[in-house]
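Following numbering that gives the first Met the number 0 from start to finish, the sequence shown increments by one per residue and tops out at 139.
For reference, the structure is listed below as structure tokens.
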Amino acid sequence: MPSADPLSSPIECTDDPARVDLAQLLELYQVTWWAQDRTRDQVRRALEHSRPVISAWEGKRMVGFTRVISDLTYRATIWDVIVLPSHQGRGVGKLMMHRVLEHPDLRTVTNFVLLTKDQHAFYERLGFRKERDMAMTFRR
Ligand SMILES: CC(C)(COP(=O)(O)OP(=O)(O)OC[C@H]1O[C@@H](n2cnc3c(N)ncnc32)[C@H](O)[C@@H]1OP(=O)(O)O)[C@@H](O)C(=O)NCCC(=O)NCCS
């Protein structure tokens with residue numbers, strides 16, 4: 000599906016996990032505050048256990064990524080929503096999130112959950128709501 004900006008090159012969004020380029024994903028992780036230390040082997044293992052895995056492409060350049068962990072029936076958590084800084088603000092994040100929320104594998108899922116430190120407004124535009132009183136995390 001092309002991006003909304005007619006002045007930009009078309010952005011292709013795919014759920015084919017085989018398309019994900021590990022080297023480019025590790026580069027994309029460098030722009031985050033939470034995934035900079037991830038190793039190639041661990042990322043490969045994480046991808047094997049994630050579904051769907053969504054990537055956005057401008058030609059051969061992977062410009063966006065996100066992945067879901069789900070029972071494919073009731074619940075889904077969304078992780079690592081990242082757009083290359085040069086491509087932010089062009090609708091790529093929204094495109095990938097729509098791809099997740101409308102994904103056929105997640106058709107019956109009623110609860111989508113994600114964590115964010117500072118991007119609440121981006122997710123609220125997509126219909127997400129803060130539920131501060133309900134969330135609990137165990138970190139180690
Ligand atoms: C957050 C992020 C994924 C958004 O992706 P993006 O491609 O830049 O966002 P889009 O262009 O698709 O924006 C979609 C809409 O959200 C709005 N939006 C995007 N980022 C926003 C922000 N930080 N605050 C408020 N609104 C925002 C856009 O204005 C746009 O609004 P519109 O639909 O009314 O036009 C991207 O900025 C990013 O990768 N950031 C660094 C990594 C990160 O923090 N990821 C989130 C982890 S929880």
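Note that the Cβ used here is the ideal one computed from N, Cα and C, for glycine as well.
- Of all alpha-carbon atoms in P84, T115 and K116, the one lying nearest the alpha-carbon of L27 is that of P84.
- When only Cα atoms are considered, R43 and D79 end up about 14 angstroms apart.
- By the C-beta density criterion, T65 is buried, having at least 16 other C-beta atoms within 10 angstroms.
- Per DSSP, reduced to three states, the secondary structure at E123 is helical.
- The beta strand (DSSP E) runs lying completely inside the stretch 38 to 68 and spanning 3 residues or more are 52 to 57, given in chain order.
- At the C-beta level, H86 and E57 come within 8 angstroms of one another.
- If you look at A22, you'll find it in the alpha helix (DSSP H) that goes L21 to Y28.
- Contact between G63 and G88 does not hold, since their C-beta atoms are separated by about 12 angstroms, which reaches or exceeds 8 angstroms.
- In this model, R98 and L125 are separated by some 12 angstroms (Cα to Cα).
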